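I have placed the structure first, in the form of structure tokens, so that the comments after it can refer back to it.
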Amino acid sequence: MTPSPTTSHLGGPDARPAAGAPLPGIQGGNVWLPARLRALRAAAMAEDNLFLLLAVIIGLFSGLSVVLFRIAIDWSRITLLGSALSPPAWRTLLVPTLGGLVVAVLVIKVFPLVRGSGVNQTKAAVYIYDGYIPFSTVIGKFITCALAIGSGQSLGPEDPSLQIGAGIASALGRRLQFSRERIRLIAPVGAAAGLAAAFNAPISSVLFVIEEVIGRWTAGVLGAIVLAAVSSVTVVRLFLGSEPLFRIPAYRLVHPTELLVYAALGIAGGLASLLFVKILSYARPRVRMLPPWTRYFQPAIAGLIIGVIGLRFPQVMGAGYDSMDQAMHNQYTWQILAVLAGFKILATCLSFTGGAPGGMFAPTLFIGAMLGGALGGVEHHFFPRLTASVGSYALVGMGTLFAGFLRAPMTSVFMVLEVSGNYSIIVPVMISNTIAYLINLKYQPTALFDLLSRQEGVDLPSMEELREQSPLLVEDAMRAPSGPPLHEDDTLAAAVAKSKAWSTSHVPVSHWDGTWSLIAKNVLKQEAATRGADLLRAILPVSDRVPVVHSDQPLYMAMRRMGEWPYLPVVHRAAFTRLQGTISLDDILKRYRALRIAD
Amino acid sequence: MAVKSVHSLSRETILVLCAGGLIVLFTVVGFASNWYRQKRTALAQEWYARGQADLKDQKPRRAIDDFRTALIYSPDDDLYRLHLAEALMAAGNLDEARTYLLNVREDDSENGAVNLALARLSARTDNTIDALRYYQSAIYGRWERNAEGQRIQARLELCQFLLSHGRTAEAQGELVALAGSLPAEASLHTRVARMFLQVQDKQHALEQFRDALRLDPKRLDALLGAGEIAFESGDYRTAERYLGRALAEQPNDARTRSQLSIARLVLANDPFEPRLSNQERSTRVVNLFDRALARLDDCAHILGQPVPPPSSSPLLGLQQLYVRLEKMRPQVRVSKLSRNPDLQTSAMALAYEAEQLAEQRCGSPEGLDEALLLIASAHKGSEL
Numbered sequence: 099m100t101p102s103p104t105t106s107h108l109g110g111p112d113a114r115p116a117a118g119a120p121l122p123g124i125q126g127g128n129v130w131l132p133a134r135l136r137a138l139r140a141a142a143m144a145e146d147n148l149f150l151l152l153a154v155i156i157g158l159f160s161g162l163s164v165v166l167f168r169i170a171i172d173w174s175r176i177t178l179l180g181s182a183l184s185p186p187a188w189r190t191l192l193v194p195t196l197g198g199l200v201v202a203v204l205v206i207k208v209f210p211l212v213r214g215s216g217v218n219q220t221k222a223a224v225y226i227y228d229g230y231i232p233f234s235t236v237i238g239k240f241i242t243c244a245l246a247i248g249s250g251q252s253l254g255p256e257d258p259s260l261q262i263g264a265g266i267a268s269a270l271g272r273r274l275q276f277s278r279e280r281i282r283l284i285a286p287v288g289a290a291a292g293l294a295a296a297f298n299a300p301i302s303s304v305l306f307v308i309e310e311v312i313g314r315w316t317a318g319v320l321g322a323i324v325l326a327a328v329s330s331v332t333v334v335r336l337f338l339g340s341e342p343l344f345r346i347p348a349y350r351l352v353h354p355t356e357l358l359v360y361a362a363l364g365i366a367g368g369l370a371s372l373l374f375v376k377i378l379s380y381a382r383p384r385v386r387m388l389p390p391w392t393r394y395f396q397p398a399i400a401g402l403i404i405g406v407i408g409l410r411f412p413q414v415m416g417a418g419y420d421s422m423d424q425a426m427h428n429q430y431t432w433q434i435l436a437v438l439a440g441f442k443i444l445a446t447c448l449s450f451t452g453g454a455p456g457g458m459f460a461p462t463l464f465i466g467a468m469l470g471g472a473l474g475g476v477e478h479h480f481f482p483r484l485t486a487s488v489g490s491y492a493l494v495g496m497g498t499l500f501a502g503f504l505r506a507p508m509t510s511v512f513m514v515l516e517v518s519g520n521y522s523i524i525v526p527v528m529i530s531n532t533i534a535y536l537i538n539l540k541y542q543p544t545a546l547f548d549l550l551s552r553q554e555g556v557d558l559p560s561m562e563e564l565r566e567q568s569p570l571l572v573e574d575a576m577r578a579p580s581g582p583p584l585h586e587d588d589t590l591a592a593a594v595a596k597s598k599a600w601s602t603s604h605v606p607v608s609h610w611d612g613t614w615s616l617i618a619k620n621v622l623k624q625e626a627a628t629r630g631a632d633l634l635r636a637i638l639p640v641s642d643r644v645p646v647v648h649s650d651q652p653l654y655m656a657m658r659r660m661g662e663w664p665y666l667p668v669v670h671r672a673a674f675t676r677l678q679g680t681i682s683l684d685d686i687l688k689r690y691r692a693l694r695i696a697d
Numbered sequence: 418m419a420v421k422s423v424h425s426l427s428r429e430t431i432l433v434l435c436a437g438g439l440i441v442l443f444t445v446v447g448f449a450s451n452w453y454r455q456k457r458t459a460l461a462q463e464w465y466a467r468g469q470a471d472l473k474d475q476k477p478r479r480a481i482d483d484f485r486t487a488l489i490y491s492p493d494d495d496l497y498r499l500h501l502a503e504a505l506m507a508a509g510n511l512d513e514a515r516t517y518l519l520n521v522r523e524d525d526s527e528n529g530a531v532n533l534a535l536a537r538l539s540a541r542t543d544n545t546i547d548a549l550r551y552y553q554s555a556i557y558g559r560w561e562r563n564a565e566g567q568r569i570q571a572r573l574e575l576c577q578f579l580l581s582h583g584r585t586a587e588a589q590g591e592l593v594a595l596a597g598s599l600p601a602e603a604s605l606h607t608r609v610a611r612m613f614l615q616v617q618d619k620q621h622a623l624e625q626f627r628d629a630l631r632l633d634p635k636r637l638d639a640l641l642g643a644g645e646i647a648f649e650s651g652d653y654r655t656a657e658r659y660l661g662r663a664l665a666e667q668p669n670d671a672r673t674r675s676q677l678s679i680a681r682l683v684l685a686n687d688p689f690e691p692r693l694s695n696q697e698r699s700t701r702v703v704n705l706f707d708r709a710l711a712r713l714d715d716c717a718h719i720l721g722q723p724v725p726p727p728s729s730s731p732l733l734g735l736q737q738l739y740v741r742l743e744k745m746r747p748q749v750r751v752s753k754l755s756r757n758p759d760l761q762t763s764a765m766a767l768a769y770e771a772e773q774l775a776e777q778r779c780g781s782p783e784g785l786d787e788a789l790l791l792i793a794s795a796h797k798g799s800e801l
């Protein structure tokens, strides 16, 4: 249930009480503070300021929740699988299997909404449910993900953290009875806070939410998102330290030819991410089509297979941050790294298609780190003098998979920069990420998050499609001027003569200040007949100026400005009195019709 | 106060509740994170202890896993990282150990312990250039605990490495630097002295043995070392002093006993000893000359060359010398020698020649013969 703006206490400017009327909160016996003081405070606390304050509160709650979430995951891992690097065989097989069973029961019976991607659920909250995320989802995600990841399912804590943040934000927004628009925007604010806390990286989290959840930069929400992300990261650093999730190796470009290997890493990352998405897109719908009773056993079967893999490669179990750290510090041979990348793709696909709750950020980073490390290891083996440490490749590989698999190119670049704290890595990262992104874009038409949402029967707006869309512009629909425009200093007689070149019923008139008017030809004729020597400006009221558009503006903007005008002048951006063309509603509609036929 | 539905609360009330909730949550998370940190530290220590035990029990493979597990819970602990490298080396995973240590070094290139471990690894793989570089970095690097002791240990290992690779000049330079910074520890002085001996720097070696003895006067290896150096340097008085003390510490040492008796024989018979009366010096010359003649006689008998030689047959080398000795023998009288120092020198030269020849033909001398050789070699070219 979402509150209506009409029921809001201070819900938006329209709902503000009239001057002199008692302010909400004062009536009803709230007597903690002197009434006058409360009234002053309530008056001062404008909606915008409150929204920013709420962003900080959301950040703090999200940060604290994510700290607890991380502790819970680690605690459950130590309790269930033991503290050893390689758990005993019986635990390796039994824990993921039984953990999968318990998680399945919890997901089906108690928390049905926790299944699926947190990013998409947050997007659904924004675009479908007016910012509503049930708080039970937050609790459900916390419990089931901690259990699933702790028992060895190959999933990560970032996506659940994002949803935990979004859920907290949604709950707080509703309790504070913001307007519908604000509540819609508040879920991404919480999402950014949750993700920032999980990654310990505020910039990339803000970028990700903008890139993948909101899809556009809006000043109204950007400040709140940044505040929330910064607050949550501050809390996490306070309790868990400021170190990133893995120790970052030192990076330096030993030789420019290394960039070729980074390009090769881009190709390998692109292909690996493609394989990853293809497996998910093939397997997930088929598993979902199985009889409902099998859902109780799907996570368990996935867990058992992961356990079998874990007998030889325990690194693939869980989120795998420790193994990423070890890969970045050359603790595996390139052969092992390559094998780990392959098995992690398999394990993650199993966990995700099996319906275990959890995210795919950490597995993506894991696969990228292993793949990058393997490629760096191969290069190091053959050209030891030409390469930096294998760890550098592992680091760049993380961003590469992120760009290819999650198709968030900006976030992927900034994430590597942010966690490494080394801007000299930007060239390899950009090369590698761009290649991986383009490969995935070419051979996988639908981005992962869109694919997942469509598999779940929801058609959420695709942020990538929005980004990739080239909107129709005014220049695509405008027509050239029929004749020279009139000028306000023309006499009426001269204007009548000039207007003959115009086939339209109205003729554009330019004014000295760069504004334009439209004058009907018949009116012009009538006026000219009585006072032909008078100047045109004498019959054009200042208040009756026509809106203008520029040729590079989107077509919808011309439509929005059209009003009752027969057409709009299209004027030059650097010379407002220069007419480039005209555009009418009919021109616009024709252009849209042509586009539809082409589609 | 009537209980209200959350939806009917004012914004201010909700914000106050939020503040309260934050305080509660901060407290809970504070306790939880504290417990979590302690738990991780305890696990790290537990696995580190297991690793050490496994390493001690010659189970390096298990130790590797143990240390790796410890590092999961305490990833920045240098001690754990070094022990992991040690376990890797013990397991023969030298490349892995090197890669691992190089990575640790990338984070902290001045870490003395890491540099020393790398130096040991390079030394083990005979990578001389890297070994020298890392030893130097270890010596001048940063140490968390007992920096001076660790630096000395690193320099000692460097010296040992240089000696084992025959780079004596460099080793000597390092030893001189090391000698200047050694703490008051007899064993260290003794060890350095032995290294000085390896580079034939007896003077510095003797100084180090003496330093060791100043700290521990009954230290047997220092007494023996100092005694031997003095003996080999011809300083038999000093040798007698040190060897005598060594024998007192270890009475059953036959070699020391033999060396001591030789030193005493030298001291008792050396005509070159200062402050001897002319009479005494001459007496010693006579004794040594006679001893040389007797040694030549014995040797000739062993070789089957009759002395004095029959007049008909051609003289062999030993016989020729015997003839010369016999010829000089009447001159070698205390009364004559006392008047003629040149005669003393000639007699001693001939006696030395005889002993040398006998040594060449009949093997190493013993007793007074050996003493005579030592006296002669110590005062070769000297005049009485």
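These protein sequence lines are chains A and B, in that order.
Quick note on numbering: the working numbering labels position 429 of the first sequence as 527, and the sequence is numbered without any gaps.
Quick note on numbering: the working numbering labels position 106 of the second sequence as 523, and the sequence is numbered without any gaps.
Every residue gets a Cβ at the ideal spot worked out from N, C-alpha and C, and that includes glycine.
The structure presented is a predicted model; accordingly, all values stated were derived computationally and were not measured.
Membership of H621/B in the alpha helix (DSSP H) is indicated by the continuous run K619 to L632. By the neighbour-count criterion, in which 16 or more other beta carbons inside 10 Å mark a residue as buried, H670/A falls on the exposed side.
Legend: CB atoms of the stretch 536-570 of chain B lying less than 7 Å from CB atoms of chain A are not found in any residue. The stretch 355-363 of chain A and the stretch 485-497 of chain A touch, with three or more beta-carbon pairs separated by less than 8 Å. Each of G470/A, R483/A, G489/A and F459/A was checked against the Cα of F547/A, and the nearest Cα belongs to F459/A. G271/A places its beta carbon 7 Å or farther from that of I262/A. Among the CB atoms of chain B, none fall inside 7 Å of the CB of A322/A.
Beta-bridge analysis with DSSP links P667/A to T680/A. Cα atoms of V406/A and P255/A: separation of roughly 23 Å, rounded to the nearest angstrom. Counting every other CB atom within 10 Å of its CB across the protein chains shown gives V441/B a total below 16, marking it as exposed.
For P645/A, no beta strand (DSSP E) segment is defined, and its DSSP state is neither H nor E.
Following the DSSP letters along the chain, one finds P526/A inside the alpha helix (DSSP H) bounded by residues I524 to Y541.
Listed along the chain, the chain B residues whose CB falls inside 7 Å of the CB of V165/A are V446 and S450. Scanning chain B for C-beta atoms nearer than 7 Å to the C-beta of R345/A yields P492, reported in chain order. With respect to chain A, the C-beta atom of Y497/B has no partner C-beta closer than 7 Å. Within its own chain, the residues whose Cβ lies closer than 7 Å to the Cβ of V205/A, once the five positions on either side in sequence are excluded, are V212, R213, T242, G453 and P455, listed in chain order. Taking 8 Å as the upper bound for CB-CB distance, V647/A and I681/A are in contact here, some 7 Å apart. Residue contact check for S249/A against chain B: no CB pair falls below 7 Å.
Contacts with chain B at 7 Å (Cβ-Cβ) include A348/A. Taking a C-beta cut-off of 7 Å against chain B, the contacting residues of the stretch 323-340 of chain A are F337 and L338, listed in chain order. Taking every protein chain shown into account, the CB of D474/B has fewer than 16 other CB atoms within 10 angstroms, so this residue is exposed. Between S302/A and E516/A, the gap from beta carbon to beta carbon is short of 7 Å. At least 7 Å separates the beta-carbon of A656/B from that of G642/B.
Among the CB atoms of chain A, one or more fall inside 7 Å of the CB of I489/B. Under a criterion of Cβ atoms nearer than 7 Å, the residues of chain A adjacent to I431/B are, in order, R273 and L274. S490/A carries a helical assignment under DSSP once its states are collapsed to helix, strand and coil. Spatial neighbours of V375/A in its own chain (CB-CB distance under 8 Å, excluding positions within 5 residues in sequence) are listed in chain order as F503, N538, Q542, L546 and L549. From the listed residues I346/A, E279/A, N218/A and I523/A, the smallest Cα separation to N520/B is found for I346/A. At a Cβ-Cβ threshold of 7 Å, L260/A and S174/A do not count as neighbours. Taking a C-beta distance under 7 Å as the contact criterion, E527/B and G558/B qualify as a contact pair.
Setting aside the 5 residues that flank it on each side, F500/A is surrounded in the same chain by T462 and S510, each with a C-beta closer than 6 Å to its C-beta; the list follows chain order. Taking 7 Å as the CB threshold, N298/A stays off the interface with chain B. Interface criterion met: the Cβ of L162/A is under 7 Å from a Cβ in chain B. Taking C-beta atoms under 8 Å as the contact rule, K596/A and P582/A qualify, at a distance of about 6 Å.
Pairing V154/A with N147/A, the inter-Cα distance amounts to about 11 Å.
Secondary structure of G597/B (DSSP, three-state): coil.
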